[in-house]
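Read through the structure below, which is laid out as structure tokens, and then see the notes.
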Amino acid sequence: MKKQNNSNNSLRKNSVSLIGALAMSAAFMGPAVSIFFNMGPASSAAGYAFPLSFLVSMLAVLFIANTIIQFSKKVNGANFAYSYTSHGIGPKTGFMAGWILLFAYTMITPITFAGFGAMTSEFLERQFDIHISWVLFFLIVALVVSGLSYLGISHSAKTTIIFLFLELIVILILCITVISNGELNSVQPFLLSSSPHGLSSIGLGMVFGILSFTGFESAANLGEETKEAKKTIPKAITISVIMIGVLYVLSAYVAAIGFNNLNDLQNNGSPFDSLARTFWGSNFAWIIGISALNGVFANAIAGQASIVRNLFSLGREGILPHTLSKTNSNGVPVHAILFNLTLSIIIGLAIGLWKDGWAVWNILGGIMSISLIVVYGIVTVALPFFYKRNYPQEFSTSKHLIFPIIGILLLILPLYSSLYPIPKFPYNLAPYLLIIWSSIGFIYYKRLSSRQANIAEKFGAVLEE
0 MKKQNNSNNS LRKNSVSLIG ALAMSAAFMG PAVSIFFNMG PASSAAGYAF PLSFLVSMLA
60 VLFIANTIIQ FSKKVNGANF AYSYTSHGIG PKTGFMAGWI LLFAYTMITP ITFAGFGAMT
120 SEFLERQFDI HISWVLFFLI VALVVSGLSY LGISHSAKTT IIFLFLELIV ILILCITVIS
180 NGELNSVQPF LLSSSPHGLS SIGLGMVFGI LSFTGFESAA NLGEETKEAK KTIPKAITIS
240 VIMIGVLYVL SAYVAAIGFN NLNDLQNNGS PFDSLARTFW GSNFAWIIGI SALNGVFANA
300 IAGQASIVRN LFSLGREGIL PHTLSKTNSN GVPVHAILFN LTLSIIIGLA IGLWKDGWAV
360 WNILGGIMSI SLIVVYGIVT VALPFFYKRN YPQEFSTSKH LIFPIIGILL LILPLYSSLY
420 PIPKFPYNLA PYLLIIWSSI GFIYYKRLSS RQANIAEKFG AVLEE
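In numbering that gives the first Met the number 0, the protein residues as written are 0 to 464.
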């Protein structure tokens, strides 16, 4: 079944290339931020073998990515969880998956806007002894990113490519600088014997590894706008996971060998800033700060594209107000952009003025992470049902059954570690807020179905060709 679109509620087709889709997935993972902030905690969990944790994490994420890749070969959509699960399991579960994904993606723009604001404020104070409130930069980046979205997805993708390239090239140059100092190189970081408690420590380190890949699937949200989407999206996701995964492993290795002892790394809040000062000198360490800002900006653009397309998709399907599906003559969902901008400012400033900019980053980051893990699990369960029912002749025991089972098992570790030990208030609110949001969604689905008896049959119909 295929729904006809008109010029007022359709996205611009063929406006995203393979490179653009790849950049969106890679940028959503936030490689620079993940590298700069996750290496220290990962080393505390896995000891000197934490690069091995990142290597295993990359392999684990490829099993999870297999689900998105296999679905994207058959289904295009602006809300991957909603469309994939609707086709795989059914409309009710599809609704809930899309509802939870909406919750997760709603967090990304206030997270990145606040992160950019906090980082910029700290950078100016550290480098020039100038103090400007993070709120000003929060508002500026919110308006700039929303303005880019208004210009169209092609402009957003091109900007993301530029800023992603800048952050990656800085990280690579620093890694090469450290590795070129041959006396530091060692295979010890990749040996299980370097882990304090063997596999259990590697597993704990994988929590930070897997969470560093969060958002790898964002190219799937561009299915309606990507050229030859059913070929391009799988390539974009595969390449982005491998490319960023290799960078994570390389960066973890550099962090491991770059410090005189492990305690120095574990107790360092900005390990790559310290590495830059050691190997480049203090006069060039500021480049790492600029790279982090580049990374957060690219992350914000990619995140904005994903949440806006989720709002658009759910508005078009009648789940959210239909006005969110309205597009201009260039296929830009302008109402969804304005709604997300307003909501991001309200959420970000409410938490930020209560606490600070970094609290927005940490509180909402916890909510987004646990929500995405749940979504990945639901979509992964849907994959074997989808292929067995709709494409039995193409069903593969390995790709459509064994790999999903492995993916689900691998998701249990970061999910458990996100809940236990229980974080301090307010960082412990994530699971409770997710339960409340899911309960609201279930009640809303019941009311929606009772008012429009056939609406469930339309869920995701526009997305399959």
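Glycine included, every Cβ here is placed at the ideal spot set by N, Cα and C. Note that the structure is predicted; figures quoted are calculated from it, not measured.
- Inclusion of K12 and P233 in the CB contact set at 9 Å is not warranted, their separation being larger than that value.
- A Cβ-Cβ separation of about 6 Å places V60 in contact with V240 under the 8 Å criterion.
- According to the DSSP secondary-structure assignment, T158 is paired through a beta bridge with no residue.
- Annotation: the continuous alpha helix (DSSP H) that includes F311 extends over 285–315.
- Residue environment: Q392 is assigned as exposed (fewer than 16 neighbouring CB atoms within 10 Å of its CB, all protein chains considered).
- Taking C-alpha positions only, G29 is separated from S417 by approximately 19 Å.
- Taking the C-beta atoms as reference points, L191 is found no nearer than 9 Å to A41.
- Cα atoms of L163 and G294: separation of roughly 6 Å, rounded to the nearest angstrom.
- Within its own chain, the residues whose Cβ lies closer than 6 Å to the Cβ of V333, once the five positions on either side in sequence are excluded, are N327, listed in chain order.
- Note on geometry: alpha-carbon atoms of W98 and I129 lie some 42 Å from one another.
- Assignment of V74 by DSSP, reduced to helix, strand and coil, places it in the strand class.
- Checking the DSSP bridge columns, you'll see V15 partnered with T225.
- Under the DSSP assignment, H321 falls outside any alpha helix (DSSP H); it carries neither an H nor an E label.
- W285 and F271 have their C-alpha atoms spaced approximately 11 Å apart.
- Bounds of any alpha helix (DSSP H) do not take in V186, whose DSSP letter is neither H nor E.
- If the five residues before and after A64 are omitted, its C-beta is found closer than 8 Å to the C-beta atoms of F215, E216, I236, T237, V240, all from its own chain and listed in chain order.
- Between the region 351–368 and the region 106–126 there are three or more C-beta pairs closer than 8 Å, enough to call the two in contact.
- Distances from the alpha-carbon of A304 to those of L221, V374, Q265, H321 put L221 closest.
- Taking the Cβ atoms as the reference, V307 lies roughly 15 Å from I344, outside the contact range of under 8 Å.
- For the pair M23 and A141, the CB atoms are not nearer than the 9 Å cut-off.
- Between S370 and A299, the gap from beta carbon to beta carbon reaches 9 Å or more.
- Contact check for L210 and S368: beta-carbon distance about 6 Å, within the 8 Å limit, so the pair qualifies.
- Boundaries of the alpha helix (DSSP H) harbouring P109: 90–127, taken from the DSSP string.
- Residues N427 of the same chain have their beta carbon placed closer than 6 Å to that of I421, with the five preceding and five following residues left out of the count.
- Each residue's CA atom was taken as its position, placing G317 and F137 some 32 Å apart.
- Using a Cβ-Cβ distance cut-off of 8 Å, the region 372–380 and the region 397–412 are in contact, since at least three pairs of beta carbons, one from each stretch, lie closer than that value.
- With a beta-carbon spacing of about 4 Å, L183 and I256 fall inside the 8 Å limit used to define contacts.
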